[in-house]
Structures are given as C-alpha cells and as structure tokens.
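Asker:
In the numbering used here, the protein residues as written are 1 to 346.
1. For a test of the three-state rule: what should DSSP assign to residue 112, helix, strand or coil?
2. Give the straight-line distance between the Cα atoms of residue 1 and residue 310, rounded to the nearest whole angstrom.
3. Given a threshold of 16 other Cβ atoms within 10 Å of its Cβ, counted over all protein chains shown, does residue 294 qualify as buried or as exposed?
4. Where does residue 9 fall in DSSP's three states?
5. With a threshold of 8 Å on Cβ separation, who are the neighbours of residue 182 within its own chain once the five nearest residues in sequence on each side are excluded?
6. Around the C-beta of residue 355, are 16 or more other C-beta atoms found within 10 angstroms, so that it is buried, or is it exposed?
7. Using three-state DSSP, classify residue 48 as helix, strand or coil.
8. For the segment 67-150, list the alpha helix (DSSP H) runs that are entirely contained and at least 4 residues long, ordered along the chain.
9. Pull up the distance between the alpha-carbon of residue 213 and that of residue 109, whole angstroms please.
10. Can you check DSSP and say which residues form a bridge with residue 56?
11. Pull up the CB-CB distance for residue 231 and residue 78, whole angstroms please, since I reckon it's below 8 Å.
12. Can residue 272 and residue 133 be called in contact, C-beta distance under 9 Å?
13. Taking just the CA atoms, how far does residue 239 sit from residue 62?
14. Whole angstroms are fine: how far does the CA of residue 71 sit from the CA of residue 328?
15. When DSSP labels each residue in this structure, what does residue 304 get in the three-state scheme?
16. Below 8 Å, how does it come out for the segment 92-109 and the segment 29-41: are there three or more Cβ pairs, yes or no?
17. How do the segment 196-211 and the segment 239-249 stand: do at least 3 beta-carbon pairs fall below 8 Å, yes or no?
18. Starting from the Cα of residue 143, find the closest Cα among 112, 277, 80 and give me that residue.
19. Please state the DSSP three-state secondary structure of residue 203.
20. Return the residue from the list 190, 224, 236, 195 that minimises the CA-CA distance to residue 149.
21. Rank 278, 279, 248 by C-alpha distance to the C-alpha of residue 264 and give the top, closest one.
22. Under 8 Å: does the beta carbon of residue 37 sit that close to some heavy atom of the ligand NAP?
23. I need the straight-line Cα distance from residue 126 to residue 103, nearest angstrom please.
24. Would a C-beta distance cut-off of 9 Å place residue 203 and residue 292 closer than the cut-off?
25. Tell me whether residue 231 sits in a helix, a strand or coil according to DSSP, three-state version.
26. Is it true that the CB of residue 112 sits closer than 9 Å to the CB of residue 57?
27. Is DSSP giving residue 220 helix, strand or coil here?
28. Ordered along the chain, which non-local residues of its own chain (more than five positions away) have a Cβ less than 8 Å from that of residue 229?
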C-alpha cells in the first residue's frame, strides 16, 4: 500500500462521507453542504475536521493497528472504549463506527470535536492527574469489558520491547555501539521484570490509556475542560502504567523539550492521590509507578529503534517528518545512555 499523507487522503475522506452518508452525528447530514479539512496525522491514523454550519466533528481513519488487530477490529476496539468512557466525559463522545471496509480499506470512526490546545506540562499537571484518576476509577461491567488484559505488566512490556528491538538489532542499518548497549539494557530488564511480583500480589486493575503523550490531550482553557482524545490501544491493567508513561522523559521530550522536575512529579502524584478514593491504591501508587518508569522508557526507545528502521526502509504507511527527527534523537547512543545508565549502575 502507498504511504498515506493526510493532505493526499483528503479527497478520499470527502468521497467517503458522500458515499457512506454516516448517521448519528448531531445536527449534521451528508445531504447538505459540508467542509472537510486535515486536523491531525498520527502514526497509525488520519483525523479530519468536518464542518457544517456551527456543527464540527472528527472523522478518524485508521491506517493500521499497533496492537495486531485487523482494520475492522481496531476501529471497533476504539469505538467500544469511547462508549465505555462516554458517561464520565474524559474523551470525545463517539458518534458512529464503520468497520465494514466497504467504502474505504480502512476502519472509520466519527466522534465529537474537542476544541483547545495541547497539554502544557508546566501548567496542566493537576487537571491531567485528576482526569486519569477519573477514568482509572470507572466501573466497567465484566460483560462490557472488551479490553486486552495486562496480566504480567513488566514481563509483557519487556517481551514487547525485545520484539521491537529485534527489528533494529537484526538490521544492517543498526549502529553497532547502540546495538551493544541496547542488548545490555534488555538483559537488565530481563532480570528487573521479576519485580512485577508486586503487581501480581497486590493487583489493582482498571481501564488504562497507555499513550498519554501531551499531544493526545486537548485542554480548553476558556471553559476549563480537558480531554484525552486518542484511545487506539487502551488496556485493562494497572494505573501506574499511565502515570509512569505520562511522567518519564521519553514521553515529555517526544513533542516538547521539557523534562518533569522532581517538584513537577510530586505535584502530579499528589493531585492523583488526592482524587483516588481507594486507600490501598493511594498508599501504593508511588511504588507501582517507580517500578514502571524504566520499562516505559525502554518501550519508547525500542519502538523508536524499530520505527527508525521502518522509516529508512519506507515501511511506515503514515509519514511524519517531526516523528522522524525525534527518532534520530531516540536512537542516539548518548541520549539512550542518559536514560538507562542510572538504572544499570544503581
């Protein structure tokens, strides 16, 4: 399949709306004039803003799944998650899902448009912590729980990291010094993953997002609203996953130049604990998150190494120039050492 560019795909998005004529969008109809414009391009999806008068909503098109699902399964997985979250207003309201692949060879989802700006670490830590606490405490009936299970959190992350790392380690494009160091880090992680006994003996399972990068948040400062808008690979797992992913440098530096300070992290964790009703989780979340941090960093670095090779080989369906520049940093030996040396030599 050719590489997808959001601008080049725009005519197909318009044609889809004309042919499929989706229903379920408030105050919108395909039989009336409408405008479609590019909104955001991710690694695995394209998002378009659809306007008709004062009505605005988002058309989301998946290019592929990062969690091994088919196009139809992936878009349905996202839609079901948004339906679960709809009552607590932490994510866009879902309008419709099209997993038929009839009009496009991709899954399609319609959802509410959340206006605002991306999250800013220096000012939005408290509302972000409170929002995570809100969906972490959402009661999900077993009959409605479609989410993938995170049964062995550190081992699961480690196995995924080793699998992604192999793409880089087995490539003729790999840097030898970085390959040697990555193997050293993976060996450390293989031993450190056994600390997951902590999670197994004191489980606290909930709906987790797993990808809480700042650009996946939309903050409406005028109306005091905040939403987490990207839900392409949520799980049923430990809440420390999200808190750790939110705070580690491999996340904050992905789209910004900011690292959370110790004071920032204290503010984040305090706000989260203040919003949690269960005393057991309040008392253990600090340790749970600390155990997670190096594994979330490893996930980011090994994904970047894999994606760097895929970009070089032109295997990525969606091309993103900003991402490629960041991949160069995340596969820089000095940068990778700055992340993992404190763990390897502690």
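No residue lacks a Cβ here, since even glycine has one placed at the ideal position from N, Cα and C. Please read all numbers here as calculations on a predicted model, not as lab measurements.
Answerer: According to the data block:
1. Numbered from 1 along the chain shown, position 112 holds the residue referred to as residue 112. Correct three-state label for residue 112: strand.
2. Numbered from 1 along the chain shown, position 1 holds the residue referred to as residue 1. Numbered from 1 along the chain shown, position 310 holds the residue referred to as residue 310. In this prediction, residue 1 has a pLDDT of 36, which is less than 50 and means its spatial position is unreliable; nothing more can be read from the coordinates.
3. Within the chain shown, residue 294 is the residue found at index 294, counting from 1. By the 10 Å Cβ count, residue 294 comes out buried.
4. As a first step, residue 9 must be located in the chain shown, where it is residue number 9. It is helical.
5. Along the chain shown, one-based indexing puts residue 182 at 182. Taken in chain order, the residues that qualify are 165, 168, 169, 301, 302, 305, 336.
6. Because the chain here runs from 1 to 346, residue 355 falls outside it and cannot be looked at.
7. Looking up residue 48 in the chain shown gives position 48. Here residue 48 sits in strand by DSSP.
8. 71-85, 125-136
9. Residue numbering aside, residue 213 sits at position 213 when the chain shown is read from its first letter. Residue numbering aside, residue 109 sits at position 109 when the chain shown is read from its first letter. Computed Cα separation, rounded: 21 Å.
10. Counting from one through the chain shown, the residue named residue 56 turns up at place 56. Answer is 51.
11. Position 231 of the chain shown holds residue 231. Position 78 of the chain shown holds residue 78. About 6 Å; that satisfies the 8 Å criterion.
12. Counting from one through the chain shown, the residue named residue 272 turns up at place 272. Counting from one through the chain shown, the residue named residue 133 turns up at place 133. Going by C-beta atoms, residue 272 is nearer than 9 Å to residue 133.
13. As a position in the chain shown, residue 62 is number 62, starting the count at 1. As a position in the chain shown, residue 239 is number 239, starting the count at 1. Near 26 Å, if we compare the C-alpha coordinates of residue 239 and residue 62.
14. What you label residue 328 is simply residue 328 of the chain shown in a count that begins at 1. What you label residue 71 is simply residue 71 of the chain shown in a count that begins at 1. The alpha-carbon atoms of residue 328 and residue 71 are separated by roughly 29 Å.
15. Taking the chain shown and counting its residues from 1, the one referred to as residue 304 is at position 304. In the structure shown, residue 304 sits in a helix (DSSP, three-state: H, G or I).
16. no
17. yes
18. Residue mapping note: residue 143 aligns to position 143 of the chain shown, counting from 1. With distances taken between Cα atoms, residue 143 lies closest to 80.
19. Counted from its first residue, the chain shown places residue 203 at position 203. Coil at residue 203, not helix or strand.
20. Sequence index remark: in the chain shown, residue 149 carries index 149 (1-based). Nearest of 190, 224, 236, 195 to residue 149, Cα basis: 236.
21. On the chain shown, position 264 is the one that residue 264 refers to. Nearest option by C-alpha distance: 248.
22. Among the components of this structure there are no ligands whatsoever, and the ligand NAP is therefore not found.
23. Numbered from 1 along the chain shown, position 126 holds the residue referred to as residue 126. Numbered from 1 along the chain shown, position 103 holds the residue referred to as residue 103. The straight-line gap from Cα to Cα measures roughly 43 Å.
24. Numbered from 1 along the chain shown, position 203 holds the residue referred to as residue 203. Numbered from 1 along the chain shown, position 292 holds the residue referred to as residue 292. For residue 203 and residue 292, no; Cβs fall outside 9 Å.
25. For the purposes of this step, residue 231 is taken as residue 231 along the chain shown, with counting starting at 1. Coil.
26. Taking the chain shown and counting its residues from 1, the one referred to as residue 57 is at position 57. Taking the chain shown and counting its residues from 1, the one referred to as residue 112 is at position 112. Going by C-beta atoms, residue 57 is nearer than 9 Å to residue 112.
27. The residue given as residue 220 occupies position 220 in the chain shown. Strand at residue 220.
28. Looking up residue 229 in the chain shown gives position 229. Result list for residue 229: 91, 92, 114, 216, 217, 218, in chain order.
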